[in-house]
Structures are given as structure tokens and as C-alpha cells.
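The sequence shown lines up with residues 7 to 447 when you count with the numbering used here.
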Amino acid sequence: MGSTTQSILVRSTVTAAVVSAVLTGFVCVLLMVGVWLSYAEELWARQDAAARKLALDIGRNRLPGTLASPDRFTIKVYDSSGRLRAATPGARALPRPDIDRPTDTDSRTEGRFCTAERCSLVAALRAFGPSGTYDIYVSTPQPGLFPRPIAATVIGACGVLVVLVLTGVIWLNVRRTVARIDGIREELAEITATDLGRRMPRARPDDEIGRLAATINRTLDRLESAVARQRSFASDASHELRSPLTALRTELELARMYPDSTNLHLTVDKAMVNVERLSMIVSDLLELTRLEADPRTGHERVDLGLLVTEELRYRRAVEMEVDLRAQVIVEGDRLRLSRLLTNLLDNAERHAESKVTILLARDDGEARLEVIDDGHGIPREDRERVFERFTRLDEGRSRDTGGSGLGLAIARDVARMHGGTLTVEDSHRGARFVLRLPEAN
Numbered sequence: 007m008g009s010t011t012q013s014i015l016v017r018s019t020v021t022a023a024v025v026s027a028v029l030t031g032f033v034c035v036l037l038m039v040g041v042w043l044s045y046a047e048e049l050w051a052r053q054d055a056a057a058r059k060l061a062l063d064i065g066r067n068r069l070p071g072t073l074a075s076p077d078r079f080t081i082k083v084y085d086s087s088g089r090l091r092a093a094t095p096g097a098r099a100l101p102r103p104d105i106d107r108p109t110d111t112d113s114r115t116e117g118r119f120c121t122a123e124r125c126s127l128v129a130a131l132r133a134f135g136p137s138g139t140y141d142i143y144v145s146t147p148q149p150g151l152f153p154r155p156i157a158a159t160v161i162g163a164c165g166v167l168v169v170l171v172l173t174g175v176i177w178l179n180v181r182r183t184v185a186r187i188d189g190i191r192e193e194l195a196e197i198t199a200t201d202l203g204r205r206m207p208r209a210r211p212d213d214e215i216g217r218l219a220a221t222i223n224r225t226l227d228r229l230e231s232a233v234a235r236q237r238s239f240a241s242d243a244s245h246e247l248r249s250p251l252t253a254l255r256t257e258l259e260l261a262r263m264y265p266d267s268t269n270l271h272l273t274v275d276k277a278m279v280n281v282e283r284l285s286m287i288v289s290d291l292l293e294l295t296r297l298e299a300d301p302r303t304g305h306e307r308v309d310l311g312l313l314v315t316e317e318l319r320y321r322r323a324v325e326m327e328v329d330l331r332a333q334v335i336v337e338g339d340r341l342r343l344s345r346l347l348t349n350l351l352d353n354a355e356r357h358a359e360s361k362v363t364i365l366l367a368r369d370d371g372e373a374r375l376e377v378i379d380d381g382h383g384i385p386r387e388d389r390e391r392v393f394e395r396f397t398r399l400d401e402g403r404s405r406d407t408g409g410s411g412l413g414l415a416i417a418r419d420v421a422r423m424h425g426g427t428l429t430v431e432d433s434h435r436g437a438r439f440v441l442r443l444p445e446a447n
């Protein structure tokens with residue numbers, strides 16, 4: 007594992023150890039306090055029992071001057087005048103405990119009394135005898151922090167064990183998780199542009215790491231598809247550029263080899279045709295690059311009917327049947343929309359037998375522009391493929407030699423940029439391209 011992985015493991019383990027130690031320590035303190043209070047209650051109960059036993063003796067008028075010391079309690083008996091009447095050995099020199107004194111209505115009290123030497127727990131009881139009332143004080147030294155050493159040892163040992171177990175469990179879980187992440191990192195480090203088929207392992211597909219691996223795999227799928235498209239595009243572009251370059255080179259080599267028999271004007275005309283085709287391909291490639299680099303559209307209001315009219319102004323190759331009675335306004339980039347229309351009309355002119363029909367209508371908040379040629383049409387199974395880059399169809403439409411193979415791909419990209427669609431739909435004859443764009447507000 008790398009230093010970053012180790013750092014995550016160490017930080018997580020230390021954090022878990024500190025948190026578990028704090029929480030366990032807090033619980034241990036509560037348990038210790040409970041043990042101390044339990045021990046104190048037990049002491050007071052024994053003190054109270056000793057005081058009640060002595061009260062019974064006083065009630066029978068049996069009060070010796072020197073008292074026995076059960077459980078090593080310090081016992082002192084005072085009469086109603088406050089005079090010390092009896093005490094355990096060594097207790098006469100001690101001061102009277104300064105706690106709430108018992109009364110006739112509240113015959114029992116308890117409290118804590120401290121001197122310069124020590125603090126004591128004191129239980130006081132009022133007793134009634136034949137010769138009057140007496141106050142009995144039974145005291146014992148206040149227990150220390152750990153009155154039950156065995157219980158304290160057990161609690162402390164259990165606390166340490168809990169901290170160690172929790173820290174160990176968390177360390178194992180974090181280490182296992184970090185190891186899976188590290189495995190994904192190492193697998194990703196091995197993937198190159200020439201080896202995009204590798205995927206991340208998914209030992210547990212339902213947890214967070216499994217979902218991370220699934221997300222990475224989906225990203226790699228998209229990346230692999232994008233790279234495949236890039237390679238295919240580069241290959242197709244090279245092929246498309248090679249054809250006019252080869253033809254141009256052939257014409258020039260023939261002119262150089264046979265200068266006397268070469269028709270210069272014809273050679274230049276043929277060369278210009280290939281140069282124009284090269285220029286068209288390069289222009290379309292640059293446009294595709296710009297569309298991918300900056301897919302944003304403008305916010306210009308564009309009269310779609312007026313834009314179609316401007317595009318048709320200089321077209322005379324085939325008959326144009328136009329229905330632009332609906333005035334439709336869309337919002338977007340005027341130059342790119344013009345490029346879209348140019349590509350659609352160029353495609354229709356190349357494949358029409360004699361006529362191209364253009365229909366513009368408003369359809370439920372959308373502008374619908376139809377461009378229909380009377381050529382051989384497009385088979386249903388090829389209606390999506392015609393929008394792929396450098397696509398050439400067989401049969402009737404194979405006579406197309408004037409396009410770059412990118413026009414329809416550019417047209418669809420522009421339509422999508424403007425929130426619309428461009429599709430090929432059913433037609434009784436020829437190809438019917440339908441452009442739908444949202445109307446401007």
C-alpha cells in the first residue's frame with residue numbers, strides 16, 4: 007500500500023481508538039461511580055442497622071458508657087442536653103458530627119462530616135428511652151475512589167479489552183476497504199489507451215466500493231466507445247482525404263510526364279475539383295471540431311422561413327417546390343442554423359431526380375421543416391446510419407460523389423445543440439428529412 011493508503015489506515019485507526027477510548031472511559035467512570043455509590047449505600051445501611059440496634063438497647067434502659075464497635079464504626083450517643091453519654095473506644099475526643107440533627111418528626115438523618123484529618127459518612131438516629139431522648143451518631147471513614155478494588159480492576163480490564171477489540175475490528179474493516187480501493191487504483195494505473203478493455207473487479211457489487219467500481223467501469227465503457235469512435239473517425243477521415251489527394255497527384259504526375267500531350271486547362275479543371283473536395287472535407291472537419299469544442303448556442307431570434315428563402319436564392323440545380331406560408335421563429339445561432347439548412351439542401355440536390363420539396367409548418371410549439379427529394383430514398387434500416395460520419399450507402403444513393411460524408415452528421419449535431427431533432431421519416435418516394443426545433447417564446 008502507498009503512503010496515502012497507509013495514512014488513511016493510520017488516521018482511521020487512531021481516530022477509532024481515541025473515540026472508543028473516550029466513550030469506554032466515560033462508561034467505566036459511570037460504572038465506578040455506581041460501584042462507589044452502591045458501597046456508600048451499603049455502609050449507610052449497616053450504620054443504620056447498628057444505630058437501630060443501639061436504640062433498642064436504649065429503649066430497654068441499657069446504655070453502657072463504653073460501646074462496642076461493630077464493623078469498626080465510630081458511635082457516639084448524646085442526650086437531649088447535648089452531653090455525650092456513651093461512645094466507642096477512642097471516640098470521646100472527636101467532635102460531634104456537624105450534620106442535620108434528627109428530630110422527633112424526622113428521627114433519621116445522614117450526611118458527610120469532614121475534619122482536618124478525614125471525611126466520614128455519618129448516620130444519625132433519635133432514640134427514646136425511659137430517661138429521655140438520645141441522638142445516636144454512627145460514622146465511618148468515607149470510602150476512597152476504589153472501595154472495591156476487584157470490581158475496579160474488572161471494570162478497567164474490560165474497558166481496555168473493549169477499546170482493543172473495537173480498534174482491532176475497525177482496523178481490519180478499514181484495511182480491507184482500503185485494500186479494495188488500492189486494488190482499483192492499481193488496476194486503473196495499468197489501463198492505457200491501447201488496453202481499454204480491462205475493468206474493475208466488483209467483489210461486493212452492492213456496497214459503496216462496488217458501486218464506485220461500477221461507476222468507473224461505466225466510465226471506461228464510455229471512454230472505450232469514444233476512443234473507438236475517434237479511431238474510426240481518424241481512419242475514415244484519412245480515407246476521405248486520400249481519395250482526392252490521389253486523384254490530384256495522378257493528374258499532376260501525368261501533366262509532368264507528358265507535357266506536350268497534356269491539356270492544361272482540362273488538367274487544371276480536374277485539379278480544382280479535387281482541391282474543392284479537399285477544402286470541403288477540411289471545412290466540415292473543422293466545423294465538427296468546433297461543434298464538439300463549443301456546443302453552446304446563441305440566443306438570436308431567427309425567422310426560419312426567411313433563412314430558407316436566403317438559402318434557396320442561388321440554387322438552380324433542380325426544381326424547388328417550396329411552402330413557407332407559416333411564419334416560424336426559433337432561437338439560436340443563425341450561422342449554424344444556416345449551415346444545417348445548407349447541408350440538408352445540398353444532400354437533397356445531390357440525390358433528387360428532378361425536384362426537391364421544402365415544407366415549413368408550426369406543430370404544437372415546434373417548428374417542423376421537411377426537405378424531400380424524389381430520388382431513390384433511404385432504406386429503413388439505414389435511416390440512422392446516414393447520420394454517422396463518412397457514411398456511404400449502396401445502390402441508388404451510391405452515385406453521390408460530391409459530398410464530404412459529414413454534412414448530415416453536422417446537421418444533426420446542430421439540431422441537437424438547439425434542442426431539436428433531425429430524422430429520416432417515411433415518404434412515398436425519395437428521402438424525407440424532418441427537422442424539428444422548439445419555437446422561440
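All C-beta atoms, glycine included, are put in the ideal place defined by N, C-alpha and C.
(message) What would DSSP say about TYR45, mapped onto helix, strand or coil?
(response) Numbered from its first residue, the sequence shown carries residue 45 at position 39. Three-state DSSP puts TYR45 in a helix.
(message) Once DSSP output is grouped into helix, strand and coil, what is the label at GLU359?
(response) Counting from one through the sequence shown, the residue named residue 359 turns up at place 353. Coil at GLU359, not helix or strand.
(request) Label ARG403 either buried or exposed according to how many other C-beta atoms from any shown protein chain fall within 10 Å of its C-beta, with 16 as the threshold for buried. (result) Here residue 403 refers to the residue found at position 397 when the sequence shown is read from its first residue. The predicted position of ARG403 is uncertain, since its pLDDT is 44 and thus under 50; a value taken from the coordinates is nonetheless stated next. Buried: at least 16 other Cβ atoms inside 10 Å.
(request) Give a yes or no on whether the C-beta atoms belonging to ILE416 and GLU293 are separated by under 8 angstroms. (result) Indexing the sequence shown from 1 puts residue 416 at position 410. Indexing the sequence shown from 1 puts residue 293 at position 287. Yes, these two residues count as a Cβ contact at 8 angstroms.
(request) Return the first residue and the last residue of the alpha helix (DSSP H) that GLU196 is part of. (result) For this step, residue 196 is matched to residue 190 along the sequence shown. First-last of the alpha helix (DSSP H) with GLU196: 155-196.
(request) Can you say whether GLY436 is buried or exposed, counting buried as having 16 or more other CB atoms within 10 angstroms of its CB? (result) Taking the first residue of the sequence shown as position 1, residue 436 is located at position 430. Counting of Cβ neighbours within 10 angstroms places GLY436 among the buried residues, the total reaching 16 or more.
(message) With a threshold of 7 angstroms on Cβ separation, who are the neighbours of MET326 within its own chain once the five nearest residues in sequence on each side are excluded?
(response) Here residue 326 is taken as the residue at index 320 of the sequence shown, counted from 1. For MET326, where only same-chain residues beyond five positions count, the Cβ hits under 7 angstroms are LEU318, VAL362 and ILE364.
(request) May I ask you to report which of helix, strand or coil DSSP gives GLU372? (result) To locate residue 372, count along the sequence shown from 1; it is residue 366. Residue state, collapsed to three classes: strand.
(request) Indicate the three-state DSSP secondary structure (helix, strand or coil) for GLU394 in the structure shown. (result) The sequence position of residue 394 within the sequence shown is 388, counting from 1. GLU394 falls in the coil class under three-state DSSP.
(message) Using only the alpha-carbon positions, how far apart do ASP406 and ASN447 sit?
(response) If you number the sequence shown from 1, residue 406 lands on position 400. If you number the sequence shown from 1, residue 447 lands on position 441. At ASP406 the pLDDT is 49, less than 50, meaning the model places this residue with poor confidence and gives no usable figure here.
(request) Determine the direct distance from the alpha carbon of ILE161 to that of SER86, and round the result to whole angstroms. (result) Residue mapping note: residue 86 aligns to position 80 of the sequence shown, counting from 1. Residue mapping note: residue 161 aligns to position 155 of the sequence shown, counting from 1. Cα-Cα distance, rounded: 47 angstroms.
(message) Under 8 angstroms: do the segment 71-85 and the segment 94-110 share three or more Cβ pairs, one atom per stretch?
(response) Segments in contact, yes.
(request) Tell me GLY88's beta-bridge partners as DSSP assigns them. (result) What you label residue 88 is simply residue 82 of the sequence shown in a count that begins at 1. Answer is none; GLY88 lacks a bridge partner.
(request) Please work out which residues of its chain come closer than 8 angstroms, Cβ to Cβ, to THR139, disregarding the five sequence neighbours upstream and downstream, and give them in chain order. (result) For the purposes of this step, residue 139 is identified with residue 133 of the sequence shown, where counting begins at 1. Answer for THR139: ASP85, SER86, ASP110, ARG132 and ALA133, listed in chain order.
(message) Let me check understanding here. Comparing Cα to Cα, which of VAL308, LEU170 and LYS59 lies closest to GLN333?
(response) Here residue 333 corresponds to residue number 327 of the sequence shown, with the count starting at 1. Minimum Cα-Cα distance from GLN333 among the listed residues VAL308, LEU170 and LYS59 corresponds to VAL308.
(request) Could you check the C-alpha separation between ARG224 and ILE197 for me, to the nearest Å? (result) The count along the sequence shown starts at 1 and reaches residue 224 at position 218. The count along the sequence shown starts at 1 and reaches residue 197 at position 191. Cα to Cα, the separation comes out at about 14 angstroms.
(message) Between the alpha carbons of ARG205 and ILE378, how many angstroms are there, rounded?
(response) As a position in the sequence shown, residue 205 is number 199, starting the count at 1. As a position in the sequence shown, residue 378 is number 372, starting the count at 1. Those two C-alpha atoms are separated by around 46 angstroms.
(message) Quick check on LEU127: does DSSP put it in helix, strand or coil?
(response) One-based indexing of the sequence shown puts residue 127 at position 121. If DSSP states are grouped into helix, strand and coil, LEU127 belongs with the strands.
(request) Compute the distance between the beta-carbons of ILE287 and LEU350, then report whether it is under 8 angstroms. (result) As a working mapping, residue 287 is identified with position 281 in the sequence shown. As a working mapping, residue 350 is identified with position 344 in the sequence shown. Between ILE287 and LEU350, the C-beta gap is not smaller than 8 angstroms, which leaves the two residues out of contact.
(message) So, with DSSP's three-state summary, where would you put PRO149?
(response) Here the question's residue 149 lines up with position 143 in the sequence shown. It is coil, neither helix nor strand.
(message) Given this structure, state the Cα-to-Cα distance separating GLY313 from ASP432, to the nearest angstrom.
(response) One-based indexing of the sequence shown puts residue 313 at position 307. One-based indexing of the sequence shown puts residue 432 at position 426. The identity of residue 313 in the sequence shown is Leu, whereas the question assumes Gly. About 25 angstroms.
(request) For PRO76, name the three-state secondary structure that DSSP assigns. (result) Numbered from its first residue, the sequence shown carries residue 76 at position 70. Helix.
(message) Would you call the segment 156-175 in contact with the segment 104-118, where contact means no fewer than 3 C-beta pairs closer than 8 angstroms?
(response) no
(message) Using CA atoms only, rank isn't needed, just tell me which of VAL328, LEU90 and HIS424 is closest to HIS305.
(response) In the sequence shown, counting from the first residue as 1, residue 305 sits at position 299. That would be HIS424, whose Cα lies nearest to the Cα of HIS305.
(request) Please look up how many angstroms separate the CB atoms of LEU330 and LEU297, rounded, as I've assumed it's under 8 angstroms. (result) Translated into positions along the sequence shown, residue 330 becomes position 324. Translated into positions along the sequence shown, residue 297 becomes position 291. Going by Cβ atoms, the distance from LEU330 to LEU297 rounds to 27 angstroms, so no, they are not a contact pair.
(request) Using 10 angstroms around the beta-carbon of GLU257, count the other beta-carbons present and answer buried if the total reaches 16, otherwise exposed. (result) Reading the sequence shown from its first residue, position 251 is the one you call residue 257. Buried, since its Cβ has 16 or more Cβ neighbours within 10 Å.
(message) Applying the 10 Å Cβ sphere with the 16-neighbour rule, what's the burial state of LEU341?
(response) Residue numbering aside, residue 341 sits at position 335 when the sequence shown is read from its first letter. Classification of LEU341: exposed, given that the 10 Å Cβ count is below 16.
(request) Enumerate in chain order the residues of its own chain whose CB-to-CB distance from ARG52 is below 7 angstroms, with the five nearest sequence positions on each side excluded. (result) As a working mapping, residue 52 is identified with position 46 in the sequence shown. Beyond the five residues adjoining it in sequence on each side, ARG52 comes within less than 7 angstroms, by CB distance, of ASP77 in the same chain, given in chain order.
(message) Using the three-state DSSP reduction, which class does PRO444 fall into: helix, strand or coil?
(response) To locate residue 444, count along the sequence shown from 1; it is residue 438. Looking at PRO444 - three-state DSSP - the assignment turns out to be strand.
(message) With the cut-off set at 8 angstroms, would you say GLY383 and ARG395 are in Cβ contact?
(response) Within the sequence shown, numbered from 1, the residue matching residue 383 stands at position 377. Within the sequence shown, numbered from 1, the residue matching residue 395 stands at position 389. Against a cut-off of 8 angstroms, the Cβ pair of ARG395 and GLY383 comes out as no contact.
(request) Pick helix, strand or coil for MET326, following the three-state DSSP scheme. (result) Numbered from 1 along the sequence shown, position 320 holds the residue referred to as residue 326. Correct three-state label for MET326: strand.
(message) Using the Cβ count rule (16 or more neighbours within 10 Å means buried), how would you classify ILE156?
(response) In the sequence shown, counting from the first residue as 1, residue 156 sits at position 150. With fewer than 16 other Cβ atoms within 10 Å, it is exposed.
(message) If I measure Cβ to Cβ from GLU401 and keep anything under 7 angstroms in the same chain, skipping five residues before and after, which residues do I get?
(response) Locating residue 401 in the sequence shown gives position 395, counting from the first residue. At GLU401 the pLDDT is 49, less than 50, meaning the model places this residue with poor confidence; the figure from the coordinates comes in the next sentence. Here the set comprises HIS382.
(message) For ALA122, tell me which candidate among ALA57, PRO147 and ALA373 has the shortest Cα-Cα distance.
(response) Stepping through the sequence shown from its first residue, residue 122 is reached at position 116. Out of ALA57, PRO147 and ALA373, PRO147 has the C-alpha closest to the C-alpha of ALA122.
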